[in-house]
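In our numbering, the protein residues as written are 230 to 338.
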């Protein structure tokens with residue numbers, strides 16, 4: 230299993246706090262979204278954390294991130310509209326890192 234590396238990626242309204250785990254030869258890449266930010270959701274949620282860890286140990290490159298306005302991510306909650314743009318930015322960033330792998334987006338709320 231890869232070590233988690235904290236990083237910041239460019240989001241639509243500023244930097245987005247993220248955590249990346251690489252796999253030696255990734256079978257794919259996964260962006261993992263946390264639960265609703267207005268109800269305490271963060272990338273440190275236990276389901277998100279354990280999903281990240283298990284997907285990575287199964288050979289996936291994984292990235293979880295905080296939506297705008299959550300913890301160290303810039304911006305403020307946008308009623309779901311801007312958060313879609315945040316997800317697109319996270320997916321595009323990870324796609325750029327592993328361009329030849331399939332990309333999957335997961336999350337729960």
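Every residue gets a Cβ at the ideal spot worked out from N, C-alpha and C, and that includes glycine. On a predicted model such as this, the values are computed, not experimentally measured, just so you know.
DSSP-derived helix/strand/coil call for residue i
i, result
"residue 297", "coil"
"residue 242", "coil"
Cβ distance (whole Å) where residue i is taken to contact residue j below 8 Å
i, j, result
"residue 290", "residue 250", "7 Å"
"residue 318", "residue 239", "7 Å"
"residue 312", "residue 246", "Not really, about 14 Å apart at Cβ, beyond 8 Å."
Contact under 8 Å by Cβ, residue i with residue j
i, j, result
"residue 254", "residue 292", "no"
"residue 276", "residue 320", "no"
"residue 332", "residue 231", "no"
"residue 327", "residue 262", "no"
Straight-line gap, residue i to residue j (C-alpha atoms, nearest Å)
i, j, result
"residue 272", "residue 294", "6 Å"
"residue 234", "residue 265", "23 Å"
"residue 243", "residue 270", "19 Å"
"residue 281", "residue 252", "12 Å"
"residue 307", "residue 336", "18 Å"
"residue 315", "residue 285", "22 Å"
Range of the contiguous alpha helix (DSSP H) that encloses residue i
i, result
"residue 286", "275 to 286"
Where the beta strand (DSSP E) through residue i begins and ends
i, result
"residue 262", "257 to 262"
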